[in-house]
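No gaps in the numbering here: position 258 of the sequence shown is 266 in our numbering, and each next residue is one more. A short worksheet on the structure shown next.
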Amino acid sequence: MRVVILGGGYAGLICALRLARRTRGQVAVTLVSASPWFVDRIRLHERAAGSEPVKRELAEMVAGTGITLKIGRVTRIDPRGEVLLGDERLPFEQLVVALGSHVDLDGVPGVREHAFTLDAASAASLSERLPAIAARKGRVVVVGGGLTGIEGASELAEAHPGLQVTLLYAGDLGGNLSEAGREHLRRSLNRLGVTLEQGRVKRLQAGSVELEDRSVPFDACLWAGGFVAPELLRQSGLSVNARGQVLVDSYLRALGHENLHVIGDAAAPVDPPSSMLMGCKTAMPMGVYAAERLSRLSRGQDSEPFDYMDVAFCISLGRRDGLVQPYRHGSPTGWVFRNRLGAWLKEAICLGVSWTLAAERKGLSFYAWTKTGRKLSPPAAQEGRLAA
């Protein structure tokens, strides 16, 4: 069996490592990445604040596994069995799409021209500018009240005490937390000197965020206002949602394509077993599941549907504070881990990601996740419900 995996992030990399070790040369595994580097995206807010780069060479991370690594940008996906990588054609029997997501730069006018984001290159550029802005007590406006915005605002405020940091959000800040979690979040942001402002952004222009009723000036703007999947997926004729994510069945197959699995941020399960937010915590389970499923398929065996339960929401609030909100049956519990214990737990989780990938390379496949135990709808029923 020839398996091509597109994307060298959390989902794609762990899928390639697990599949290669499980099949031990019986399956030809090719990993395609647009960059030669694996970027630890869960630490990019630290990079923006001035920490060391958070990346490693993919060639080093797959060395000795039998994985064929190809560096290049995918320009076309033919679900019938071929991927176009520049001028090179890569045939496949099974394709795994793990192309991730990126900040939506075009949903609001001016974002592409006037804002930084937490991708590797932009985070590094922001990091270079911040010391001068902080020295003159300038202002950075962070737009977005989700995890990315909260962690970004906290990290910048702690790393640069002279900086005026404003967190601008439209909805309910910390809406996925319990009352205790929201209280700690606001108290921590206040301690760090982060100014909270609520409003809906109409556009960005040089030096200001334009809201419906006022302007908020800035010396730099960090945009964390939402993520979308690559446009290539829509262009390839796959069924996608409003954010460009591919609709997948309970086996993580693109609807209508039994030889094409989609995992990580690029996937949108039609019948999700639990909350499936974009991020590492869902990407890695999906990657391992796809690898185990393909390993079984290579031996003529079927597999159970994908299952996953969201058990916690973790937020770093600088280097010395954090918040871990446990979940039960899809809802936040009334208690949280916070302060230094929360920071320690969050850091342990981040380190665990690196350790897991290193272990997978060595064939130590201990990674597991919590499941609901629910029996999901058969794929045919899911496709029928979507059509209806």
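Even glycine gets a Cβ: it sits at the ideal position worked out from N, Cα and C.
| Check | Outcome |
| --- | --- |
| Proximity below 9 Å, CB of Q34 to CB of S311 | no |
| Same chain, Cβ closer than 8 Å to A262, neighbours up to 5 away in sequence not counted | P87, V105, L246, S247, V254, L255, V256, L268, H269, V270 |
| Local Cβ density within 10 Å of G163, reported as buried at 16 or more and exposed below that | Per the sequence presented here, residue 163 reads as Glu, with Gly not at that position. Burial call: buried. |
| Identified DSSP bridge partners for C229 | V149 |
| Residues sharing a beta bridge with Y335, DSSP | P340 |
| Residue burial classification, L260 (beta-carbon count within 10 angstroms, cutoff 16) | buried |
| Short Cβ contact (9 Å threshold) for V173 with W231 | no |
| Bounding residues of the alpha helix (DSSP H) (the contiguous stretch that carries Y18) | 18-31 |
| Opening and closing residue of the alpha helix (DSSP H) in which I50 lies | I50 -> no alpha helix (DSSP H), and no H or E assigned at all. |
| Touch test, the segment 284-298 against the segment 338-345, Cβ-Cβ under 8 Å, three pairs minimum | no |
| Identity of the residue in F235, S43, C358, A132 nearest L113 by Cα | F235 |
| Alpha-carbon to alpha-carbon, E101 and W352 | 44 Å |
| Assigned exposure category for L39 - 16 Cβ within 10 Å defines buried | buried |
| Spatial neighbours of M292 in its chain, beta-carbon cut-off 8 Å, leaving aside the 5 residues before and after | Y18, A19, I22, V361, T364, Y375, W377 |
| Three-state class that DSSP yields for A397 in the structure shown | One cannot answer for residue 397 here, as it falls past the ends of the chain, which runs 9 to 396. |
| Residues near A367 in its chain [Cβ-Cβ closer than 8 Å; skip 5 each side] | S373, F374, Y375 |
| Alpha helix (DSSP H) segment containing S303, residue limits | 288-306 |
| 6 Å CB neighbourhood of L98 in its chain, flanking five on each side removed | V12, V91 |
| Cross-strand partners of A275 (DSSP beta bridge) | V254 |
| Whole-number beta carbon distance between L176 and E205, since they are thought to touch under 8 Å | 5 Å |
| Local Cβ density within 10 Å of G392, reported as buried at 16 or more and exposed below that | Below a pLDDT of 50, predicted positions are generally treated as unreliable, and G392, at 48, falls in that range; the measurement from the model is reported next regardless. Classification of G392: exposed, given that the 10 Å Cβ count is below 16. |
| C-alpha gap between W45 and G326, whole angstroms | 26 Å |
| Alpha-carbon to alpha-carbon, V149 and A140 | 16 Å |
| Pair within 9 Å by beta-carbon distance, R26 and D48 | no |
| Residues of its chain near G80, where Cβ-Cβ distance is below 6 Å and the 5 sequence neighbours each way are ignored | L93, G94 |
| Per DSSP, the bridge partner or partners of L77 | L39 |
| Per DSSP, cross-strand counterpart(s) of Q206 | Y177 |
| Length of the line joining the Cα atoms of V62 and H53 | 10 Å |
| Separation of A56 from L394, as counted between CA atoms | Because the pLDDT at L394 is just 45, under 50, the model does not fix this residue reliably, and the value given afterwards should be weighed accordingly. Taking the straight line joining both Cα atoms gives about 41 Å. |
| Residues near R346 by beta carbon distance below 6 Å, same chain, minus five either side | H192, L331 |
| Nearest residue (CA-CA) to G154, options L181, A132, E136 | L181 |
| Euclidean distance between Cα positions of L200 and G295 | 37 Å |
| L39: CB within 8 Å of a non-hydrogen atom of the ligand ATP | Within the structure as shown, the ligand ATP is missing, as the structure has no ligands at all. |
| Alpha carbon of A299 to alpha carbon of S41, nearest angstrom | 17 Å |
| Per-residue burial, D329 [other beta carbons within 10 Å of its own, 16 or more giving buried] | buried |
| Distance, A167 Cα to A396 Cα | Unreliable positioning characterises A396 in this predicted model, as indicated by a pLDDT of 38, which lies under 50. The coordinate reading is nonetheless provided below. Rounded to whole angstroms, A396 to A167 spans 52 Å at the Cα level. |
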